[in-house]
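Trainee:
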Amino acid sequence: MKISREFSRSFDELKDIVAFAHEFFEKQDIDPSLRYIVDLCVEELFVNMVSYNTETSSNIRIDMSPHEHGIEVSLTDFDVDRFDPRDVKPVDIDAPLESRMAGGLGLYLVLKMADSIHYEYRNRTSKITFIADRK
Amino acid sequence: MFYIDFGEDSVVVIKGRLDAAQAPTAQMFLDKITGQCVVDLGELEYISSAGLGVLLRTHKRMIADGLGLKLVNVNSHVNDIFTYSGFDKLFDIEPAGGAE
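Just so you know, the sequences run in chain order X and W. Our numbering applies: residue 84 is where the first sequence begins, and numbers increase by one. Our numbering applies: residue 876 is where the second sequence begins, and numbers increase by one.
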């Protein structure tokens, strides 16, 4: 079963997004060990959309569906420019403290923790899909 | 739920979920602290990159004065995020259950 919900472009929505995801985990009996990964990937992608796609006021849609031994999650942003998170430069996690910056870690963590990431861009609609599966 | 305050012996205690919505509150609290600082993360359930940014900015500010943050009681989920982020190489981290 797939579920969808739209959220306004505010960080205050994060608590409702977490509740939405956890309800889906319980109803669909998704492995709870995947919750941290899903919470983190959804937050990082949502925050990135809110922070950088500032010329739209459309809600962001989140879809969730079971996938084999885990879950598939999509975030869709409407009337925005193309942005493929897979093109982001990797963070140098071995860099010394003085050259480490506070930003840039979010998408790096998504790419590191999700099992796969897919990107679609059509008619100014940007859709990022990731899969988190039990190993 | 999110909580940040001083505990016993001036240790800073952070509990709950440190996400992008709560990061400004945590940053404002930590910005007021000078000198050596120990942060107890024993009841921190979740941290995202926004929370990591708060810790990194605070640590860099304190290191400039020759001190820094020490993170204690770090659970395995949060410790995984620190490792993925390379924070294990930047911070003095003591996992839950005592120093390794």
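Just so it is clear, CB atoms sit at the ideal spot from N, CA and C, and this is done for glycine as well. Quantities reported herein were computed from a predicted structural model and do not represent experimental measurements.
Look at ASP198/X and ALA215/X and say whether their C-beta atoms are less than 8 Å apart.
Mentor: yes
Trainee: With C-beta atoms as the reference, is LEU97/X less than 8 Å away from ALA895/W?
Mentor: yes
Trainee: With GLY926/W as the anchor, note down where its alpha helix (DSSP H) starts and where it stops.
Mentor: Taken as a continuous stretch (DSSP letters only), the alpha helix (DSSP H) holding GLY926/W covers 924 to 938.
Trainee: For PHE966/W, which of helix, strand or coil comes out of DSSP?
Mentor: Coil.
Trainee: Go ahead and label ALA898/W buried or exposed: buried means 16 or more other beta carbons lie within 10 angstroms of its beta carbon, across all protein chains shown.
Mentor: Under a 10 Å Cβ-count criterion, ALA898/W is classified as buried, with 16 or more other Cβ atoms of the shown protein chains found around its own Cβ.
Trainee: When the Cα atoms are used, what is the spatial distance from GLU155/X to LEU965/W?
Mentor: Approximately 34 Å, taken between the alpha carbons.
Trainee: Identify the continuous beta strand (DSSP E) that holds LYS890/W and give its terminal residues.
Mentor: 887 to 893
Trainee: Spell out whether any CB of chain W is found under 8 Å from the CB atom of ASP162/X.
Mentor: no
Trainee: Return the bridge partner residues of PRO149/X from the DSSP annotation.
Mentor: ILE154/X
Trainee: Is the beta carbon of LEU905/W less than 8 Å from the beta carbon of VAL929/W?
Mentor: Closer than 8 Å, so yes.
Trainee: To which residues of the same chain is VAL886/W closer than 6 Å at the C-beta, ignoring the five residues directly before and after it?
Mentor: VAL913, ASP915, listed in sequence order.
Trainee: Is there a C-beta anywhere in chain W that falls below 8 Å from the one on LYS110/X?
Mentor: no
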